[in-house]
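In case it helps, my numbering puts the sequence shown at residues -4 to 219. The beta carbon of each residue, even a glycine, is placed where N, CA and C say it ideally should be. Being a predicted model, the structure only gives us computed values, none of them experimental.
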Amino acid sequence: MSRFAFLKAVLGPLMRLMFRPRVEGAERIPGSGPVILAGNHLTFIDSMILPLVCDRQVVFIGKDAYVTGKGLKGRLMAWFFTGVGMIPVDRDGGHGGVAALMTGRRVLDEGRVFGIYPEGTRSPDGRLYRGRTGIARLALMTGAPVVPFAMIGTDRIQPGGKGLPRPGRVAVRFGEPLDFARYEGMDRDRYVLRAVTDEVMSEVMRLSGQEYVDIYATKAKAAA
């Protein structure tokens, strides 16, 4: 049994008991081939719930700090996150964005599922912020379909993304796959990249019901 299968078998029932997740549209995730899952990001626990509600393993990028912690807690975090599919990347370095993009491309070229939060960081106030165009570049470079998703209620069970989550009801909604084959070969056109990104974010907004803010979340956090 793989570590992912073990974690899902052990933690899945516990998380269903604690969070009673309602999953809608999971059948829309293709059963094989490369797929990009793109959604909103409300709190830390999103990255624990998403891999455990999908039949296929979801690979995603995470801060390398998640796997470099000290002591027993640090080792347990590293074991969990690498087990569910996280690939650590130093996103604070000068080439963090490029490293994340190339990692995503490699995962998709292997025919796997890659999860991404186009906002680039957790929402500071529960609203949906402008998406970064890395999602569009990945989709156009690889030809992978994009399945939008929405996390709902996770910010209520773990406000601020800190501390232990409390029991409560959450939902995960998946939308119809988005095909951007019409833009093949245009992954360097910034207007196309923005149009593709905005289409993805529009679907995420529809699924989540969030208010949309047309600025980057990092800028909103810096101004707070």
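Could you give the residue range of the alpha helix (DSSP H) that holds residue i?
| i | result |
| --- | --- |
| residue 167 | First-last for residue 167: 166 to 169, but that is the beta strand (DSSP E), not the alpha helix (DSSP H). |
| residue 214 | 212 to 218 |
| residue 181 | Where residue 181 is concerned, there is no enclosing alpha helix (DSSP H), given that its DSSP letter is neither H nor E. |
| residue 130 | 129 to 137 |
| residue 17 | No alpha helix (DSSP H) holds residue 17; the beta strand (DSSP E) holding it covers 17 to 19. |
| residue 44 | 41 to 48 |
| residue 144 | First-last for residue 144: 141 to 147, but that is the beta strand (DSSP E), not the alpha helix (DSSP H). |
| residue 1 | -2 to 14 |
Can you give me the Cβ contacts of residue i inside the same chain, cut-off strictly under 7 Å, excluding the 5 residues immediately before and after it?
| i | result |
| --- | --- |
| residue 47 | 3, 6, 7, 10 |
| residue 203 | 35, 123, 145, 147 |
| residue 160 | 40, 152, 153 |
| residue 195 | 33, 113, 126, 130, 141, 143, 173 |
Can you find the residues in the same chain that come closer than 6 Å, C-beta to C-beta, to residue i, ignoring five residues on each side of it along the sequence?
| i | result |
| --- | --- |
| residue 111 | 33, 130 |
| residue 106 | 28, 29 |
| residue 156 | 38, 39, 117 |
| residue 121 | 150 |
| residue 206 | 122 |
| residue 209 | 125 |
| residue 94 | 84 |
Can you round the beta-carbon distance between residue i and residue j to whole angstroms, since I take them to be within the 8 Å contact cut?
| i | j | result |
| --- | --- | --- |
| residue 199 | residue 175 | Between residue 175 and residue 199 the Cβ distance is about 15 Å, and since that is not below 8 Å, they are no contact. |
| residue 41 | residue 149 | 5 Å |
| residue 36 | residue 128 | Wrong, their Cβ atoms sit about 16 Å apart, outside the cutoff. |
| residue 62 | residue 76 | 6 Å |
| residue 142 | residue 134 | Not really, about 11 Å apart at Cβ, beyond 8 Å. |
| residue 56 | residue 82 | 6 Å |
Can the beta-carbon of residue i be found less than 9 Å from the beta-carbon of residue j?
| i | j | result |
| --- | --- | --- |
| residue 20 | residue 170 | yes |
| residue 99 | residue 31 | yes |
| residue 72 | residue 80 | no |
| residue 132 | residue 96 | yes |
| residue 256 | residue 145 | Since the first residue of the chain shown is -4 and the last is 219, residue 256 is not available in this structure. |
| residue 119 | residue 58 | no |
| residue 139 | residue 103 | yes |
| residue 18 | residue 52 | no |
| residue 162 | residue 14 | yes |
| residue 182 | residue 136 | yes |
| residue 66 | residue -2 | no |
| residue 218 | residue 16 | no |
Within its chain, find whatever has a CB closer than 8 Å to the CB of residue i; leave out the 5 residues flanking it on each side and keep chain order.
| i | result |
| --- | --- |
| residue 158 | none |
| residue 114 | 35, 36, 123, 124, 125, 126, 127, 211, 212 |
| residue 154 | 38 |
| residue 70 | 64 |
| residue 177 | none |
Taking residue i as part of the beta strand (DSSP E), name the residues at either end of that continuous run.
| i | result |
| --- | --- |
| residue 53 | 53 to 58 |
| residue 82 | 81 to 84 |
| residue 115 | Unbroken run through residue 115: none, as it is neither H nor E. |
| residue 30 | 30 to 34 |
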